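The block underneath contains the structure these notes are about, expressed in structure tokens.
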DNA sequence: ATTTATTACGCAACCGATTGCGTTATTATG
DNA sequence: CATAATAACGCAATCGGTTGCGTAATAAAT
């Protein structure tokens, strides 16, 4: 109870060498079954626990996967993490999770800390303002698997897991147009991030295809914080040609917008139709229920987890699966009804 | 670039011993400032990085805090985690997060894994069905700080961080009564968990105080999953004396109930008044907006983080702060209007 | 029975720090 | 100037495993 027993204790009581104990415990082929059995049963008898610190030092691996996300407290991100955790846990890996709080500086710090902690792999969803990527150089140089999820960046030898944001943006926009909208507003997150810029491309493409009007007033870049809702509302009201369709970067912000619009007597969907993004639980609980794009966060996490594990196992399907694209899906609800 | 340099490399190039290098790097008093400066500048010059694995083995500490939560993908829990992470990160600790998925078996596994990984402390929010607590014995025996948050259990030498659930339950119930409700239903989570059983006590106390009717039909125990909404609705409709007030264990489930009740033409709050719990973002986005109890998840996380850190630092205020109770607050919105 | 292959295990270096204790260089004290 | 205190640093054990290589023991081959 007081003293941890080590392989040396086992070796001594069994009259074998520490190396033999170690190999027995790891089921090494060069040890006879008889000896293995003796070692293992004695280990159980004495309550032997392997000391991870020693293993880590010896093998230079930590059995740990690092994760950097912008924020933990978003339903989408925590759902992704739930998926990652499940896979990692099943594979015997621990997850060290840190948040950048949408700041590149903190992202850098976290990347460094996790690197120093010796994570075996790193999963990243980028902060809003991340513009350079030197903080990932160490990982690439030392061949530590680096995988970007959702908010990604193309770096050599790094996998990415995303959905087709451009197509999703296109489909969302076209849906609004099909429902009769003529003057659309895309309320976007930070356009430096792929997810928002790609959706913008789809937005513009759909508008062009259907010969609608378009200028800069059709785009509103926002930090999507609750405090920014009023700016969005102001933008919507302060326009020469009234908007009749809103494509909002996420469901929560869309729900806030709907609430405020209703307050100023704008009817959803009669006056303005609204489509969100993510299919957060909230989207089917608001009134009117929110049309949205289903973004399978849990599956995303599971895939990210599996991808990391297979990298770590050295499975050779790395090159072909360098970029995984998940299927999204338009979910039509009341907020875009004709 | 290729080879990590160690304190031995530094020692050799500087002509000192490895011990001196180590002490210099750790600002040990028995080393002269001149030598420290030499060591440090040379370390920077050569790009020395301390090997955490070796430090861990040597010190038998991991600079890591373990966390077990029932589910990552709930807005409340992820908010708590965000608070914990912020404090831990600032204090230089990494967070290993795992989820029990509401299963005691997985909780046991996670507790064991984290113990074997050598976490310096453990934060736990219990699974629904956790009934025995042997899996925490190792922590207590080895004096590894163990702190329960939200869903807690009283174990010797363990801190707990909660709100006064009984009082919160009382206040929620009394609010319904004050708004004119006569026949209340408490839709609860698993009553083995303190949060739900305590709220039940408050619920019963308020009912007794105001001389309302009460029997077992006034309580409905549920797993609070979306699939269980229909059971709740069935229970509400299948009653001799119609319920006119609902106290629901969390906002999301409350929102689902409201949605379904509206579908069957029951008006909220006219026919039935509803109060939720947690003050999730969703509570102010549904129609009608949801009266609820504010449960400061982020602050809870921050306090939990600070508590752990102070334990680890050996700050002596452990006994007095053995149980921290946060302030909750009733937030009155439309769903309980007269 | 002798040689050759295998099998099973021991030896000891190594991973990269930390730290108690002893020793030398330096400064203070009488 | 001799001696006691300090200050500054080196030595070497220690943390608890892993692993390449060598060797003894056993089995197979001739």
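Chains as they are written, first to last, in full-length UniProt numbering: chain F, 1 to 338; chain V, 1 to 338.
All C-beta atoms in this analysis are idealised placements derived from N, C-alpha and C, irrespective of residue type, glycine included.
Predicted model, so just to flag it, every value in this text is computed and none were measured.
Report the residue from the options whose alpha carbon sits nearest the alpha carbon of residue i.
i: residue 39 of chain V; options: V:189, V:18 and V:234; result: V:18
i: residue 95 of chain V; options: V:338, V:101, V:68 and V:296; result: V:68
i: residue 309 of chain V; options: V:58, V:219, V:87 and V:325; result: V:87
i: residue 277 of chain V; options: V:97, V:242, V:75 and V:148; result: V:75
i: residue 150 of chain V; options: V:195, V:92 and V:25; result: V:195
i: residue 197 of chain F; options: F:252, F:166 and F:97; result: F:166
i: residue 240 of chain V; options: V:251, V:261, V:213 and V:227; result: V:213
i: residue 177 of chain V; options: V:153, V:157, V:206 and V:155; result: V:206
i: residue 111 of chain F; options: V:89, V:99 and V:119; result: V:89
i: residue 227 of chain V; options: V:253, V:238, V:237 and V:20; result: V:253
i: residue 138 of chain V; options: V:59, V:109, V:131 and V:42; result: V:109
i: residue 142 of chain V; options: V:248, V:154 and V:116; result: V:116
i: residue 266 of chain V; options: V:248, V:283, V:236 and V:249; result: V:236
i: residue 60 of chain V; options: V:144, V:332, V:12 and V:261; result: V:144
i: residue 180 of chain V; options: V:334, V:338, V:16 and V:63; result: V:338
i: residue 32 of chain F; options: F:42, F:43 and F:20; result: F:20
i: residue 333 of chain F; options: F:283, F:307, F:315 and F:314; result: F:283
i: residue 262 of chain F; options: F:249, F:287, F:238 and F:248; result: F:287
Are the Cβ atoms of residue i and residue j separated by less than 8 angstroms?
i: residue 323 of chain V; j: residue 125 of chain V; result: no
i: residue 216 of chain F; j: residue 185 of chain F; result: no
i: residue 229 of chain F; j: residue 246 of chain F; result: no
i: residue 7 of chain F; j: residue 22 of chain F; result: yes
i: residue 71 of chain F; j: residue 114 of chain F; result: no
i: residue 303 of chain V; j: residue 163 of chain V; result: no
i: residue 65 of chain V; j: residue 48 of chain V; result: no
i: residue 104 of chain F; j: residue 129 of chain F; result: yes
i: residue 300 of chain V; j: residue 80 of chain V; result: yes
i: residue 161 of chain F; j: residue 305 of chain F; result: no
i: residue 182 of chain V; j: residue 244 of chain V; result: yes
i: residue 251 of chain F; j: residue 211 of chain F; result: no
i: residue 14 of chain V; j: residue 46 of chain V; result: no
i: residue 328 of chain V; j: residue 293 of chain V; result: yes
i: residue 175 of chain F; j: residue 330 of chain F; result: yes
i: residue 311 of chain V; j: residue 121 of chain V; result: yes
i: residue 297 of chain V; j: residue 52 of chain F; result: no
i: residue 289 of chain F; j: residue 336 of chain F; result: no
i: residue 57 of chain F; j: residue 123 of chain V; result: no
i: residue 259 of chain F; j: residue 146 of chain V; result: no
i: residue 97 of chain V; j: residue 97 of chain F; result: yes
i: residue 82 of chain F; j: residue 99 of chain V; result: yes
i: residue 73 of chain V; j: residue 78 of chain F; result: yes
i: residue 27 of chain V; j: residue 36 of chain V; result: yes
Cβ of residue i within 7 angstroms of any heavy atom in the ligand COA?
i: residue 209 of chain F; result: Looking for the ligand COA in the displayed structure turns up nothing, as the structure carries no ligands at all.
Listed in chain order, which residues of the region 130-150 of chain F have Cβ atoms closer than 8 angstroms to some Cβ of chain V? 141
Anything in the region 78-110 of chain F with a Cβ closer than 7 angstroms to a Cβ of chain V? List those residues in chain order, please. 78, 79, 81, 82, 85, 89, 94, 95, 96, 97, 98 and 99
Short of 8 angstroms Cβ to Cβ, which residues in the region 21-49 of chain V face chain F? 49
What are the uninterrupted segments assigned as beta strand (DSSP E) that are 3 or more residues long and contained completely in the region 104-186 of chain F, given in chain order? 121-124, 146-149 and 159-163
Note down, in chain order, all residues in the region 150-167 of chain V with a beta-carbon under 8 angstroms from any beta-carbon belonging to chain F. none
Of the residues that make up the region 233-255 of chain F, which ones have a beta carbon closer than 8 angstroms to any beta carbon in chain V? So the list reads 252 and 255, given in the order they occur along the chain.
If we require 4 or more residues per run, which alpha helix (DSSP H) segments fall completely within the region 227-290 of chain F? 229-237 and 251-263
Could you tell me which uninterrupted alpha helix (DSSP H) segments, each at least 4 residues in length, are contained entirely in the region 2-76 of chain F, listed from first to last along the chain? 7-14, 18-25, 33-46 and 52-59
Using 8 angstroms as the threshold, is the region 176-191 of chain V in touch with the region 205-222 of chain V, meaning 3 or more CB pairs across them? yes
Going along the chain, which residues of the region 113-127 of chain F sit with their C-beta nearer than 8 angstroms to a C-beta in chain V? 113, 114, 116, 117 and 118
Can you give me, in chain order, the residues of the region 205-219 of chain V that have a beta carbon less than 7 angstroms from any beta carbon in chain F? Residues of the region 205-219 of chain V whose Cβ lies closer than 7 angstroms to any Cβ of chain F: none.
Does the contact criterion of 3 or more C-beta pairs under 8 angstroms hold for the region 194-204 of chain V versus the region 168-184 of chain V? yes
Interface positions of the region 262-293 of chain V facing chain F (Cβ-Cβ less than 7 angstroms), listed along the chain: Within the region 262-293 of chain V, the qualifying residues are 281, 282, 285, 286 and 287.
Suppose only complete runs of 3+ residues qualify. What are the beta strand (DSSP E) ranges in the region 74-103 of chain F, listed by chain order? If you keep only unbroken beta strand (DSSP E) runs of at least 3 residues inside the region 74-103 of chain F, you get 94-99.
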